[in-house]
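*Asks:* Counting from 0, one number per residue, gives the positions in the sequence shown under numbering that gives the first Met the number 0. The following block contains the structure, expressed as structure tokens.
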Amino acid sequence: MLKETTMQDLAPGLERCFLFDAVEGTYEITGITGRVPEWLRGFYYVNGPARFERNGRRYQNWLDGDGMVSSLHFSDQGVRYTSRFVQTQKFKEEEAAGAFLFRAFGTAFPGDRLQRNLKLASPSNLGAVRFGDTVLAVCEQALPVALDPVTLETRGEFDFHGKLNEVSPFAAHAKIDPANGHLVNFGVSYSPHKPVLNIYEFDRTATLLRRSRHPVEWPHANHDFAITSRHAVFYLSPLFMDFGRFLNDGVSVMDALCWEPERGSRIFVAPRDPKTEAAFAVPAGAGHCLHTINSYEEERLLTLDIMESEAPVYEQYQPVPELFTTVGRSRPVRYRIDLESRKLVERLPMDYDLTPDLTSIDMNLLTRSYNDFWLLGMSASGNRGRKFSDQLAHGSWQAGGVSDIYQTARGEYLSGEPVYLANPKDRGQGLVIVEHLNALKDEAAFLLFDAFDLKRGPIARLPLRHRLHPGFHASFFAA
């Protein structure tokens, strides 16, 4: 419940984190304070919206901005920073025109365009993941864009050897199974009569292994999912896409979304190999899940861990930069399903409810039993007024909650998925990388933390020469 009736500015200077011209380039980071561990070698990638204004028009929603990928290359020579806009077709056409041309997630305007008169033109702004010899910049319901893993130069759309095309639904949360390197993803085909949930699995060479189609009763606006060794697992919230309104009335996706909690949520469990068994669903309350944490199976029990909120958060992403003014509570929740009886047998919520999001685990434990995860939170959650992530927290399922928290100073914010990296010589130890934005000083940096002692503060600070827009999803590729 919100504590105040009047709006407060709980995120001073937040506009300075959004409304500026992003800088492309590459350089060696100097002025590093603290110590970068010698074992940290490889590439960190983060993607996020980084252009919100053109020719006097401003995007309304955080999800609207054109994607920019930033990387950190940790080597024996030091740390090298690189940033590039993703050169989507949308970006190139609007750059040439000097104006926005296409409708966006939260912004529609007279004369705006759709891709093939059917869907949003992708800003490719939500995540970046290494797959083989390329980095895939991903977005919602769109083909990923391939980038050079070192220079971040755009290579073009990645269609998996022609098995997907520009209208194939492909979500922003592809999972890479650490057991075999397979990439698994989904996409929703919206239809007023027969919406379909598509599940894809590709091997490490991007060859399509299998594709299954599952009719669903409602056109769920699903953003994320989870995988186990045998299943793809979805928390299907009662947030629906009115595709007819989007297509025929010229409204944004944001305005075409319908929240109908009375219809309830379901956990949908589908086999990765559709020849092995039938999919099934179990009721799961009426919450909303934007992001999952992990899922795994032990004998007959399937565990699904998610971030569960009372209502969708998308409307809190606007208007930029007045974000999260009335955002509700959310928390990590663990669900357990008996695969034989196909019934929900346990729901375990955590107490930490400061609007946590952008979770991270040891990616070597994806699809496997695990304990630890890291996430961002908002200390001002529950109060009316704009706010932003200012806490880095460590959650433990064994402990049943969150006890280790790093809190920034006022006017300083954290963004980008906090990537956890295990020490290869001692996997019980590790560090976390996260973006740090000092709005009051117009400074940006990447911070490194001892993953199991966040309260102590960063063990290293990697300062940038310029400001950085808040990122969304991040990843690491070890050298």
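Glycine residues also receive a C-beta, built at the ideal position from the N, C-alpha and C atoms.
When DSSP builds the beta bridges, which residues end up paired with Glu-434?
*Replies:* Mapped onto the sequence shown, residue 434 falls at position 435. In the DSSP output, where bridge partners are listed per residue, Glu-434 has Ser-414 and Phe-445.
*Asks:* With Asn-184 as the anchor, note down where its beta strand (DSSP E) starts and where it stops.
*Replies:* As a first step, residue 184 is located in the sequence shown; it is residue number 185 there, counting from the start. For Asn-184, the enclosing beta strand (DSSP E) starts and ends at 182-188.
*Asks:* Determine the DSSP secondary structure at Val-326, reduced to helix, strand or coil.
*Replies:* The residue labelled residue 326 in the question sits at position 327 within the sequence shown. The three-state secondary structure of Val-326, taken from DSSP, is coil.
*Asks:* Note down the Cα distance separating Arg-341 from Phe-279, rounded to an integer number of angstroms.
*Replies:* Here the question's residue 341 lines up with position 342 in the sequence shown. Here the question's residue 279 lines up with position 280 in the sequence shown. Taking the straight line joining both Cα atoms gives about 7 Å.
*Asks:* On a Cα-Cα basis, can you pick out the residue from Ser-388, Gln-397 and Gly-400 that is closest to Glu-411?
*Replies:* Residue 411 sits at position 412 when you count from the first residue of the sequence shown. It is Ser-388.
*Asks:* May I have the straight-line CA-CA distance separating Gly-161 from Ile-198, to the nearest angstrom?
*Replies:* One-based indexing of the sequence shown puts residue 161 at position 162. One-based indexing of the sequence shown puts residue 198 at position 199. Distance between the alpha carbons of Gly-161 and Ile-198: 17 Å.
*Asks:* Check each candidate in Val-232, Arg-466, Glu-23 and Ala-205 and name the one with the smallest Cα separation from His-213.
*Replies:* Here residue 213 corresponds to residue number 214 of the sequence shown, with the count starting at 1. With respect to the C-alpha of His-213, the residue from Val-232, Arg-466, Glu-23 and Ala-205 having the closest C-alpha is Val-232.
*Asks:* So for Met-362, helix, strand or coil by DSSP?
*Replies:* Walking along the sequence shown from the start, residue 362 turns up at place 363. Here Met-362 sits in helix by DSSP.
*Asks:* Checking the sheet assignment: what are the DSSP bridge partners for Ile-226?
*Replies:* Position 227 of the sequence shown, counted from the first residue, corresponds to residue 226. Note: Ile-226 sits in a beta bridge opposite Ala-231.
*Asks:* Could you tell me which of Arg-367, Pro-423, Arg-426 and Leu-446 sits nearest to Tyr-405, measuring between CA atoms?
*Replies:* Position 406 of the sequence shown, counted from the first residue, corresponds to residue 405. Closest option to Tyr-405, Cα to Cα, is Leu-446.
*Asks:* Return the residue from the list Ala-103, Leu-163 and Phe-451 that minimises the CA-CA distance to Arg-426.
*Replies:* Residue 426 sits at position 427 when you count from the first residue of the sequence shown. Nearest C-alpha to Arg-426: Phe-451.
*Asks:* Run through DSSP, which three-state label would Ala-280 get?
*Replies:* Within the sequence shown, residue 280 is the residue found at index 281, counting from 1. In this structure, Ala-280 counts as strand in the three-state DSSP scheme.
*Asks:* Are there 16 or more other CB atoms within 10 angstroms of the CB of Ser-89, so buried, or fewer, so exposed?
*Replies:* One-based indexing of the sequence shown puts residue 89 at position 90. According to the sequence provided, residue 89 is Lys. The question's Ser does not apply to it. Lys-89 is buried by the Cβ-count criterion.
*Asks:* Does the segment 431-443 come into contact with the segment 456-476, if we say contact requires no fewer than three beta-carbon pairs (one atom in each stretch) closer than 8 Å?
*Replies:* yes
*Asks:* Helix or strand or just coil, what does DSSP make of Tyr-26?
*Replies:* Position 27 of the sequence shown, counting from 1, holds the residue named residue 26. Three-state result, Tyr-26: strand.
*Asks:* Relative to the C-alpha of Ala-103, which residue among Ser-251, Gln-317, Glu-297 and Arg-79 is closest?
*Replies:* Position 104 of the sequence shown holds residue 103. Of the residues Ser-251, Gln-317, Glu-297 and Arg-79, the one whose Cα lies closest to the Cα of Ala-103 is Ser-251.
*Asks:* So the alpha helix (DSSP H) Glu-93 belongs to, where does it begin and stop?
*Replies:* Your numbering for residue 93 matches position 94 in the sequence shown. If you look at Glu-93, you'll find it in the alpha helix (DSSP H) that goes 88-96.
*Asks:* Counting only runs that start and end within the segment 105-167, where is the beta strand (DSSP E) found for 3 or more residues in a row?
*Replies:* 126-130, 133-137, 144-146 and 153-156
*Asks:* Can you tell me whether Arg-83 is buried or exposed? The criterion is at least 16 other CB atoms within 10 Å of its CB, across all chains shown.
*Replies:* On the sequence shown, residue 83 is found 84 positions in, with the first residue counted as 1. By the 10 Å Cβ count, Arg-83 comes out buried.
*Asks:* What is the rounded straight-line gap between the Cα of Arg-244 and the Cα of Ala-255?
*Replies:* For this step, residue 244 is matched to residue 245 along the sequence shown. For this step, residue 255 is matched to residue 256 along the sequence shown. When rounded, the distance between both Cα atoms is 6 Å.
*Asks:* Considering Cα atoms alone, identify which of Phe-448, Pro-282, Ala-220 and Leu-246 is closest to Arg-112.
*Replies:* Along the sequence shown, read from residue 1 onward, the residue named residue 112 stands at position 113. Among Phe-448, Pro-282, Ala-220 and Leu-246, the Cα nearest to that of Arg-112 belongs to Leu-246.
*Asks:* Please confirm whether Ser-188 and Pro-168 have their CB atoms less than 8 Å apart.
*Replies:* Here residue 188 refers to the residue found at position 189 when the sequence shown is read from its first residue. Here residue 168 refers to the residue found at position 169 when the sequence shown is read from its first residue. Contact flag set, yes.
*Asks:* Tell me where the alpha helix (DSSP H) around Asp-254 begins and ends.
*Replies:* Working through the sequence shown from its first residue, we reach residue 254 at position 255. Taken as a continuous stretch (DSSP letters only), the alpha helix (DSSP H) holding Asp-254 covers 252-255.
*Asks:* How is Asn-197 classed by DSSP in three states: helix, strand or coil?
*Replies:* As a position in the sequence shown, residue 197 is number 198, starting the count at 1. It is a strand residue.
*Asks:* Which residues share a DSSP beta bridge with Gln-390?
*Replies:* Taking the sequence shown and counting its residues from 1, the one referred to as residue 390 is at position 391. Partner(s): Gly-376 and Gln-406.
*Asks:* Taking Cβ positions, are Met-240 and Ala-220 nearer each other than 8 Å?
*Replies:* On the sequence shown, residue 240 is found 241 positions in, with the first residue counted as 1. On the sequence shown, residue 220 is found 221 positions in, with the first residue counted as 1. Cβ distance < 8 Å, so Met-240 and Ala-220 count as in contact.
*Asks:* Quick check on Trp-258: does DSSP put it in helix, strand or coil?
*Replies:* Position 259 of the sequence shown, counted from the start, is the residue given in the question as residue 258. In this structure, Trp-258 counts as strand in the three-state DSSP scheme.
*Asks:* Taking the continuous alpha helix (DSSP H) assigned at Leu-246, which residues delimit it?
*Replies:* In the sequence shown, residue 246 corresponds to position 247, counting from 1. Taken as a continuous stretch (DSSP letters only), the alpha helix (DSSP H) holding Leu-246 covers 242-247.
*Asks:* Identify whether Lys-174 lies in helix, strand or coil by the three-state DSSP scheme.
*Replies:* Reading the sequence shown from its first residue, position 175 is the one you call residue 174. Correct three-state label for Lys-174: strand.
*Asks:* Comparing C-alpha positions only, which one of Ser-359, Gln-114 and Leu-196 sits nearest to Arg-210?
*Replies:* Position 211 of the sequence shown holds residue 210. For the options Ser-359, Gln-114 and Leu-196, the alpha carbon positioned closest to that of Arg-210 is the one of Leu-196.
*Asks:* According to DSSP, which residues form a beta bridge with Ile-266?
*Replies:* The residue you call residue 266 lines up with position 267 of the sequence shown. Its beta-bridge partners are Tyr-234 and Val-281.
*Asks:* Round the Cβ separation of Gly-286 and Glu-261 to the nearest angstrom and send it over; I've been treating them as touching at under 8 Å.
*Replies:* Numbered from 1 along the sequence shown, position 287 holds the residue referred to as residue 286. Numbered from 1 along the sequence shown, position 262 holds the residue referred to as residue 261. Their Cβ separation, rounded to whole angstroms, is 13 Å, which puts Gly-286 and Glu-261 out of contact at 8 Å.
*Asks:* Can you name the start and end residues of the beta strand (DSSP E) that Glu-297 belongs to?
*Replies:* Counting from one through the sequence shown, the residue named residue 297 turns up at place 298. Unbroken beta strand (DSSP E) run through Glu-297: 287-297.
*Asks:* DSSP beta-bridge partners for Pro-311?
*Replies:* In the sequence shown, residue 311 corresponds to position 312, counting from 1. According to the DSSP secondary-structure assignment, Pro-311 is paired through a beta bridge with no residue.
*Asks:* Assess, as a yes-or-no matter, whether the segment 53-64 is touched by the segment 3-12 under the definition of 3 or more beta carbon pairs within less than 8 Å.
*Replies:* no
*Asks:* How long is the line joining the alpha carbons of Val-326 and Lys-274, rounded to whole angstroms?
*Replies:* Numbered from 1 along the sequence shown, position 327 holds the residue referred to as residue 326. Numbered from 1 along the sequence shown, position 275 holds the residue referred to as residue 274. Straight-line Cα distance between these residues: approximately 42 Å.
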